[in-house]
Amino acid sequence: MRRVLVAVVFTVAGLVALLSFRTHVNSSERSGASTLRLPPLSPGERALTGHTASTVYGPVQVRVVERARKIVAVDILQHPAETAMDIQIGQYAFPRLVGETLTAQSARIDTVSGATYTSGGYIKSLQSALDNGA
Amino acid sequence: MPSSAAAVGAAPLVVGPRVTLTLTAVGAAAVLALWWHSTRAIVGPGGALTTVGEGLGLLSGYAVVIAVLLMARLPPVERGVGADRLARWHSTLGRWLVWGITGHVLCIIWGYALAAHTGLVSETATLLTTYPDVLMATVAWFLLLGVGLTSLRAARRRLRYETWYYLHLYTYLAIALAFSHQFANGAAFVDDAIARFAWEALYIVTAALIVWYRLIVPARDFGRHRFVVAGLRQEANRTVSVYIKGRHLGELGAEPGQFFRWRFLTRGLWWQSHPYSLSALPSDNLLRITVRDVGDPSNMLRSLRPGTRVLAEGPFGAFFPAHPDRASLLVAGGVGITPLRAMMTALTGPVILVYRATSWQDVALRAELDTIAAERGAVVHYVIGSRAELGGDPLTAEALRRVAPGLDAMEAYVCGPPGMTAAVVAALRAAGVPGRRVHVESFEF
Numbered sequence: 299m300r301r302v303l304v305a306v307v308f309t310v311a312g313l314v315a316l317l318s319f320r321t322h323v324n325s326s327e328r329s330g331a332s333t334l335r336l337p338p339l340s341p342g343e344r345a346l347t348g349h350t351a352s353t354v355y356g357p358v359q360v361r362v363v364e365r366a367r368k369i370v371a372v373d374i375l376q377h378p379a380e381t382a383m384d385i386q387i388g389q390y391a392f393p394r395l396v397g398e399t400l401t402a403q404s405a406r407i408d409t410v411s412g413a414t415y416t417s418g419g420y421i422k423s424l425q426s427a428l429d430n431g432a
Numbered sequence: 009m010p011s012s013a014a015a016v017g018a019a020p021l022v023v024g025p026r027v028t029l030t031l032t033a034v035g036a037a038a039v040l041a042l043w044w045h046s047t048r049a050i051v052g053p054g055g056a057l058t059t060v061g062e063g064l065g066l067l068s069g070y071a072v073v074i075a076v077l078l079m080a081r082l083p084p085v086e087r088g089v090g091a092d093r094l095a096r097w098h099s100t101l102g103r104w105l106v107w108g109i110t111g112h113v114l115c116i117i118w119g120y121a122l123a124a125h126t127g128l129v130s131e132t133a134t135l136l137t138t139y140p141d142v143l144m145a146t147v148a149w150f151l152l153l154g155v156g157l158t159s160l161r162a163a164r165r166r167l168r169y170e171t172w173y174y175l176h177l178y179t180y181l182a183i184a185l186a187f188s189h190q191f192a193n194g195a196a197f198v199d200d201a202i203a204r205f206a207w208e209a210l211y212i213v214t215a216a217l218i219v220w221y222r223l224i225v226p227a228r229d230f231g232r233h234r235f236v237v238a239g240l241r242q243e244a245n246r247t248v249s250v251y252i253k254g255r256h257l258g259e260l261g262a263e264p265g266q267f268f269r270w271r272f273l274t275r276g277l278w279w280q281s282h283p284y285s286l287s288a289l290p291s292d293n294l295l296r297i298t299v300r301d302v303g304d305p306s307n308m309l310r311s312l313r314p315g316t317r318v319l320a321e322g323p324f325g326a327f328f329p330a331h332p333d334r335a336s337l338l339v340a341g342g343v344g345i346t347p348l349r350a351m352m353t354a355l356t357g358p359v360i361l362v363y364r365a366t367s368w369q370d371v372a373l374r375a376e377l378d379t380i381a382a383e384r385g386a387v388v389h390y391v392i393g394s395r396a397e398l399g400g401d402p403l404t405a406e407a408l409r410r411v412a413p414g415l416d417a418m419e420a421y422v423c424g425p426p427g428m429t430a431a432v433v434a435a436l437r438a439a440g441v442p443g444r445r446v447h448v449e450s451f452e453f
């Protein structure tokens with residue numbers, strides 16, 4: 299009988315501890331970056347916003363920042379964020395895609411392995427932004 | 009009493025093994041269809057692992073519901089499939105479940121790690137701390153592993169039945185803890201409201217059935233029927249009959265051969281419930297069970313006092329006369345005689361009873377068996393002694409054919425410990441009795 303009581307007390311205590319643990323999901327990430335605050339443009343810079351490219355995982359939209367016809371930054375306006383996995387893949391893929399873009403100075407870049415669809419959406423939106431500026 | 013007559017007159021719904029398995033398979037096919045439908049694209053080895061992991065997760069989430077439903081005491085299934093077979097299915101499914109969920113966990117960790125280009129350890133940490141409800145689901149996985157471990161044969165032998173049973177209740181906690189992570193992370197549910205609704209409905213209906221049939225119905229029956237110990241009688245040296253009286257017992261529709269789960273409300277016994285077959289035809293105000301002293305619980309039954317209140321769940325079991333008018337062979341092993349003794353008075357056709365026991369001291373109810381046999385012209389064969397003393401298995405196909413001429417046209421009812429029932433069923437089939445005429449119930453403990 300005493301053992302049963304001990305087991306019940308431990309179970310309840312464990313449950314309370316478990317349920318009070320908050321997994322910290324970044325809420326701005328979860329909403330697909332629609333509330334993203336973009337850095338203001340410096341003088342001499344211009345922003346080119348691309349179309350929204352839809353992928354099987356969700357929409358991708360980028361904004362290109364140019365200074366003197368040179369790409370200096372790419373901001374991600376929308377990215378797939380239905381699941382935490384989508385966000386984790388984006389956190390890996392977008393910095394690499396942006397890095398490649400700055401090096402290539404065009405949308406002719408390689409896709410990131412493991413993020414083929416997201417890369418495809420990124421390239422499509424990027425190309426449309428560059429076309430807008432041409 | 010009109011209400012009682014109506015309850016008895018209505019034919020109870022029966023769902024047999026084939027229908028139960030078919031329905032389960034249809035559900036599994038629907039789950040696989042959902043998985044197929046929700047798999048958007050498989051990218052690289054990480055994507056493949058993740059997809060497999062999601063499939064295993066979905067199937068496990070479904071199988072756990074089936075495992076619970078098998079134990080939900082649903083009357084049509086209990087009556088059609090039988091509690092002993094349901095328990096075996098439940099334990100097989102439980103074993104698969106532990107592997108399925110473990111596979112799900114490993115595939116997801118590995119697949120996500122490949123996709124996110126991180127290591128297994130760092131991905132595990134990410135999953136636990138940033139993915140919604142994954143920590144709870146991980147605790148649920150550990151609980152299920154623990155329950156699985158206590159159910160291993162080696163562990164079962166060391167644990168008391170009640171300890172094992174109460175540890176098993178942690179499964180409900182595990183299911184509750186793992187519930188939400190399916191919707192928060194599962195690709196099948198994030199953008200499919202219909203799938204989410206159907207999945208939630210599956211869990212909610214199952215929970216309602218459990219509460220209804222395992223809690224409310226027994227409580228209601230306790231209030232209506234007022235089961236009370238009426239008296240005890242010593243039968244054989246280690247066997248005792250307990251008489252239980254109650255009101256309106258005819259409404260329960262118990263058949264000879266069926267059993268109830270009994271909980272005697274005394275200081276020492278209230279926390280354990282045991283299945284015991286009725287050992288005599290049930291009447292409207294009296295039931296009888298006959299229990300062999302095999303360990304602590306039945307030993308304590310001897311100390312029961314008349315007037316002790318009893319919680320009885322039932323009747324259960326698919327073991328009752330299928331065709332009472334046909335010639336029947338009854339084969340009892342040890343205390344397996346109890347349901348057959350009850351059947352004996354309900355069968356109207358010719359009856360041959362073979363009663364197997366290791367010693368004469370273990371033969372229970374002998375006087376009344378002989379009396380019934382004499383009154384209704386039945387034949388009783390006592391097969392007494394250990395295998396060594398009898399020179400091998402005494403219940404071979406040949407031996408059964410010898411004691412029961414015309415065996416292949418008879419209905420056969422077998423009850424006893426698992427090893428004995430399996431051997432007798434094999435012998436009956438070898439003797440040419442078709443499977444549908446062989447009715448079995450094995451005592452699991």
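Top line first, the protein sequences correspond to chains Z and W.
Using our numbering, you'd call the opening residue of the first sequence number 299 and step up by one each time.
Using our numbering, you'd call the opening residue of the second sequence number 9 and step up by one each time.
Here a beta-carbon is modelled for each residue, glycine too, at the ideal position from N, C-alpha and C.
query	result
Proximity test, Cβ basis, 9 Å: T59(W) and chain Z	no
Chain-ordered neighbours of G412(Z) on chain W, where CB pairs are closer than 8 Å	V51, G52, G54, G55, L122, A123, A124 and H125
Own chain residues within Cβ distance below 7 Å of E131(W), not counting five before or after	I117, Y120, A121 and A124
Interface positions of the region 131-154 of chain W facing chain Z (Cβ-Cβ less than 9 Å), listed along the chain	E131, T134, L135, L136, T137, T138, Y139, P140, D141, V142, L143, M144 and V147
beta-carbon T58(W) near the ligand MG non-hydrogen atom, thresh 8 Å	In terms of ligand content, the structure shown is empty, and the ligand MG therefore cannot be addressed.
Backbone secondary structure at G63(W) - three-state DSSP	helix
N- and C-terminal bounds of the beta strand (DSSP E) containing Q359(Z)	G356 to R365
Beta-carbon proximity of T414(Z) to A405(Z), cut-off 9 Å	no
Chain W contact residues for I387(Z), given Cβ-Cβ distances below 8 Å	A123 and A124
Where D373(Z) falls: helix, strand or coil (DSSP)	strand
Nearest to L338(W) (by Cα), restricted to the options A354(W), I202(W) and P323(W)	A354(W)
Inter-residue spacing [alpha-carbon to alpha-carbon] between V147(W) and L153(W)	10 Å
Length at least 4, wholly inside the region 301-358 of chain W: the alpha helix (DSSP H) runs in chain order	304-309 and 345-352
Below-9 Å beta-carbon distance, G312(Z) vs any chain W residue	yes
Selected residue, minimal CA-CA separation from R81(W), among V219(W), A163(W) and T134(W)	V219(W)
Buried or exposed (CB count within 10 angstroms, at least 16 for buried), V51(W)	buried
Buried versus exposed, by CB contacts within 10 Å (16 or more), R445(W)	buried
Buried/exposed call for E406(W), threshold 16 Cβ in 10 Å	exposed
G419(Z) beta carbon less than 9 Å from that of A351(Z)	yes
CB contact below 9 Å: F319(Z) versus chain W	yes
Cβ of A192(W) within 9 Å of any chain Z Cβ	yes
Distance between beta carbons of F327(W) and C423(W), contact taken as under 8 Å	7 Å
8 Å CB neighbourhood of L260(W) in its chain, flanking five on each side removed	D229, H233, P290, G322 and P323
Three-state secondary structure (DSSP) of R165(W)	helix
Distance, F235(W) Cα to L167(W) Cα	30 Å
Runs of beta strand (DSSP E) lying entirely within the region 191-257 of chain W, each at least 3 residues, in chain order	236-242 and 247-253
Within chain W, partners of V354(Z) - CB distance below 7 Å	R48 and A49
Buried or exposed (CB count within 10 angstroms, at least 16 for buried), G63(W)	buried
Closer than 7 Å at the beta carbon, the chain W residues around A382(Z)	T138, Y139, P140 and N193
Any chain W beta carbon closer than 9 Å to L316(Z)	yes
is_contact[V302(Z), chain W] using C-beta, thresh 9 Å	yes
With 16 other Cβ atoms within 10 Å as the buried cut-off, status of H331(W)	exposed
Cβ-based neighbour list, F197(W), same chain, cut-off 6 Å, excluding 5 preceding and 5 following	F191, A203 and R204
The beta strand (DSSP E) enclosing P283(W), as first and last residue numbers	H282 to S285
Interfacial residues, the region 199-217 of chain W to chain Z, with Cβ spacing under 7 Å	D199
P425(W) versus G69(W) - alpha carbon distance	34 Å
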